[in-house]
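Note that the protein sequences, when read in sequence, are chains A and B. With numbering that gives the first Met the number 0, letter number 267 in the first sequence gets 266, and the count goes up by one each step, no holes. With numbering that gives the first Met the number 0, letter number 345 in the second sequence gets 344, and the count goes up by one each step, no holes.
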Amino acid sequence: MLNWNLYSRGDKVFAIVVSILIGMFTIATLYPFIYIAAVSFSSGFAAQAGKVVLTPIELTTEAYKYILVQPEFWISYRNTFIYTIGGTIMSLLFIVPAAYALSRPQLMGRRFFNLFIAFTMWFNAGLIPFYLNMRDLNLLDSMFGIILAFAVNAFNIILLRNFFESIPQSFEEAARMDGANDFQVLWKVFVPLSKPAIATITLFCIVARWNGFFWAMVLLQSEEKIPLQVFLRHTLATLSDDDEFAITQLEAAYSAETVTAAIIVCSIIPVLLVYPWIQKYFEKGILLGGVKE
Amino acid sequence: MSSVTLSGVEKYYGELRVVHGINLIIELQEFVVLVGPSGCGKSTTLRMIAGLEEISEGTINIENRVVNRVAPKDRDVAMVFQNYALYPHLKVFENIAFGLRIRKEPKEHIEKTVREVSEILGLTPYLDRRPAELSGGQRQRVAMGRAIVRHPKVFLFDEPLSNLDAKLRTQMRAEIKRLHNRLGVTSVYVTHDQVEAMTLADRIVVMNDGIIEQVGTPMELFNNPANMFVAGFIGSPPMNQLDGVITTSATGLHATVGDTSIALPALDNVKAGQAVVVGIRPEHISMSSVDGLSPVPISLDLVEPLGSEALLHATVNGQALIIKAETHGEISHLHQVAEIYAPVDLIKVFDAETGKVLNSAARQS
């Protein structure tokens, strides 16, 4: 147990200030989730009137009933899963070998390639050239195009490269003496030793893909290919433009706000389910015991 | 039959030459220890034999095959690393089996070989544990198991005991020696610890600044060091080295150290007035009078009791001298020591300029 008597006055003040700041940050992070969940279970009138603060007002599941019966919702949900799973696998297929190659001192032109990759973090072609590029590659309105186009992420490559560089060289040397080639060193030694780092970039990829909105909106035209985030945008636009919906919403059990909130809750659930599963890989000290430094 | 031959081996890092044309023949089943201070090139030499470092000049030959351009995995050598380099995500069994699995050996063979090796190393009860669940000594044994399991032509050890505590190091040292006697595989062992070198080696290679200073059996190096570096490196504590000047008299050759005269063995390659270094091992110094020898007055600073022996730290005309004396269970008499005797036949004389030994016995070796 913490013995406060051992701490100076300054330390106590510091600990209190830090606790308050962390508390405020936690509330600021959590509140939007709580608010959206509360709105999604509130009546359309209560949400419209701005009565919802922390808990649902006039508890109802009408907003969920409204969206869950729409086939477009399920199609976009399926698409988001395809983009997320396919995109994450595609990203890892590019990122892991690239990071390994860039971390090896014996790679010819290593400095150049590292600089080349890092360059793309700060400078890129921009919206229109990218769009034209996708058009010329016949990847517009293509599910594969969405998966492929964003497979390589310089930040994730650099993150993993740095982790690979921190793995003691003797692991690689021992594996080479044992007869392993580059792919075996990567697959049988580096990847298992890098689970925390790979879990981190996997989570980054999943979240980025799951939340991917802008490029999906720009590149996809077919309704049956859009992801959940674009469907959300379409729904919002539809409900806002629907005069009949607007007229009846004073009496309605759901409104544009509650439907939007319900879709957001539905879209958050899978990420919330995946996170704890990945978090177990954020274990520290995976290298413990393998080498003696 | 030679097992490993190094001919004119050099290593450059850019412009910096760290290994200067090494020539060494290691016989089949021999246990050779490369010893020297940090940065002397011993680990680089070992890594060149392993194939982990490129050879800048010269050739390395393993069992009649030049291996300069052969990948580490194809050299048929196994290495035990200083930091063990055990795969932390694999259990002991899989760590030992790793090399066999990579080489796609049949499952039954892997199972049988790993069990045999674990039995030899006393690792059978730990096969289901991960490296983090093992003690330092057990981890080192697993590292050795990983090397043994492939039945290589040559074992390479890169300071394998330096991370262990003193007691465990002594124990593991004996185990390595026993293992070598049992398996009879040519072994090259790198260490900076001269005690390890003395106890393990069939032959010791003393290295300094990228060159070989001397090669010989432990006792050859101890009794007949080729130069001041080897004399100062082999032996614990190392050989005392006193700066002096050659004087001749009717009673024979002497070295004058300040105002003290020390009798020297007969040398035909020195002249009066020549600057030399007088080398005398701490355990060779006598505190009781020796016939025909003049006493050497000392100024005693400190007595370090070690149990059956004690180290006496003293000075001779301002130059440091260590004496190793037997205690016979008592050290009070050692505090009274004021003069010592240096037996002439055990003294080594080195050229102060070149550092090379001038005594004929060592020159011949």
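Glycine included, every Cβ here is placed at the ideal spot set by N, Cα and C. Model, not experiment: these values are computed from the prediction.
Check                                                                                                                                                                                         : Outcome
Label lysine 10 (chain B) either buried or exposed according to how many other C-beta atoms from any shown protein chain fall within 10 Å of its C-beta, with 16 as the threshold for buried. : buried
Using a beta-carbon distance cut-off of less than 9 Å, what residues from the region 98 to 119 of chain B approach chain D?                                                                   : Given the protein chain composition of this structure (A and B), no chain D is represented.
Is the shortest distance between the beta-carbon of phenylalanine 80 (chain B) and the beta-carbons of chain A less than 8 Å?                                                                 : yes
Excluding sequence positions up to five away, which residues of its chain have a Cβ less than 8 Å from the Cβ of aspartate 127 (chain B)?                                                     : Lys90, Val91, Phe92
Out of B:Ala84, B:Glu325, B:Val343, which has the shortest C-alpha to C-alpha gap to aspartate 157 (chain B)?                                                                                 : B:Ala84
Is the CB-CB distance between phenylalanine 241 (chain B) and valine 315 (chain B) below 8 Å?                                                                                                 : A small fix is needed here, since residue 241 (chain B) is leucine in this sequence, not phenylalanine. A contact, by the Cβ cut-off of 8 Å.
For isoleucine 33 (chain A), count neighbouring Cβ atoms within 10 angstroms of its own Cβ and tell me buried if that reaches 16, exposed if not.                                             : exposed
Where DSSP assigns a beta bridge to phenylalanine 349 (chain B), which residues make up the other side?                                                                                       : B:Val276, B:Val356
Could you compute how far the alpha carbon of glycine 136 (chain B) sits from the alpha carbon of aspartate 267 (chain B)?                                                                    : 52 Å
With a threshold of 6 Å on Cβ separation, who are the neighbours of valine 65 (chain B) within its own chain once the five nearest residues in sequence on each side are excluded?            : Thr58
Within a Cβ cutoff of 6 Å, which residues of the same chain sit near leucine 106 (chain A), ignoring the five residues on either side of it in sequence?                                      : Ala100
Name, please, each residue of chain A whose Cβ falls closer than 7 Å to the Cβ of leucine 51 (chain B).                                                                                       : Glu172
Over what stretch of residues does the alpha helix (DSSP H) that includes valine 66 (chain B) continue unbroken?                                                                              : Here valine 66 (chain B) belongs to no alpha helix (DSSP H), and DSSP marks it neither H nor E.
Under 8 Å between the Cβ atoms of proline 71 (chain B) and leucine 51 (chain B)?                                                                                                              : yes
Count Cβ pairs between the region 35 to 47 of chain A and the region 251 to 268 of chain A that sit closer than 8 Å; are there 3 or more?                                                     : yes
Along the chain, where does the beta strand (DSSP E) that runs through isoleucine 203 (chain B) open and close?                                                                               : 202 to 207
Against chain B, with Cβ distances strictly below 8 Å, would valine 188 (chain A) count as a contact?                                                                                         : yes
Using 8 Å as the limit for Cβ to Cβ distance, is histidine 150 (chain B) near chain A?                                                                                                        : no
Given this structure, state the Cα-to-Cα distance separating phenylalanine 122 (chain A) from proline 128 (chain A), to the nearest angstrom.                                                 : 13 Å
Mind listing which residues of the region 181 to 207 of chain A have their C-beta closer than 7 Å to chain B's C-betas, in chain order?                                                       : Gln183, Val188, Pro191, Leu192
With distance defined between alpha-carbon atoms, name the residue in B:Glu219, B:Ser42, B:Val229 nearest to glycine 354 (chain B).                                                           : B:Val229
Reducing DSSP to helix, strand and coil, say where alanine 174 (chain A) ends up.                                                                                                             : helix
What residues in its chain sit with their C-beta under 7 Å from that of leucine 249 (chain A), if we drop five residues either side in the sequence?                                          : Residue placement at leucine 249 (chain A) is flagged as unreliable, the pLDDT there being 49, under the threshold of 50; the coordinate-derived value follows with that caveat. Closer than 7 Å at Cβ, skipping near neighbours: Phe44.
CA-CA distance, threonine 79 (chain A) and phenylalanine 111 (chain A)?                                                                                                                       : 36 Å
By how many angstroms is the C-alpha of glutamate 303 (chain B) removed from the C-alpha of lysine 347 (chain B)?                                                                             : 25 Å
Between isoleucine 116 (chain A) and glycine 38 (chain B), what straight-line distance do the alpha-carbon atoms span, to the nearest angstrom?                                               : 36 Å
Tell me whether isoleucine 225 (chain A) sits in a helix, a strand or coil according to DSSP, three-state version.                                                                            : coil
At the 8 Å Cβ level, is methionine 107 (chain A) part of the contact set with chain B, yes or no?                                                                                             : no
So valine 256 (chain B) and glutamine 318 (chain B) are in contact, right, with Cβ under 8 Å, and what is the actual spacing, rounded?                                                        : 7 Å
Confirm, please, whether the CB-CB distance from histidine 253 (chain B) to alanine 368 (chain B) is below 8 Å.                                                                               : No statement about residue 368 (chain B) is possible, as the shown extent of chain B runs from 0 to 364 and does not include it.
Going along the chain, which residues of the region 22 to 51 of chain A sit with their C-beta nearer than 9 Å to a C-beta in chain B?                                                         : none
Ordered along the chain, which non-local residues of its own chain (more than five positions away) have a Cβ less than 6 Å from that of histidine 19 (chain B)?                               : Gly209, Ile210
Establish whether the CB of glycine 178 (chain A) and some CB of chain B are separated by less than 8 Å.                                                                                      : yes
Isoleucine 166 (chain A) and phenylalanine 94 (chain A) - do their beta-carbons sit closer together than 8 Å?                                                                                 : Checking the sequence shown, residue 94 (chain A) turns out to be isoleucine, not phenylalanine. Cβ distance not < 8 Å, so isoleucine 94 (chain A) and isoleucine 166 (chain A) don't count as in contact.
Using a C-beta to C-beta distance shorter than 8 Å, which residues of chain A count as neighbours of histidine 312 (chain B)?                                                                 : Near histidine 312 (chain B) there are no residues of chain A at all, since even the closest Cβ is about 34 Å away, more than 8 Å.
If you drop the 5 nearest sequence neighbours on each side, which residues of the same chain put their C-beta closer than 8 Å to that of glutamine 170 (chain B)?                             : Gly136
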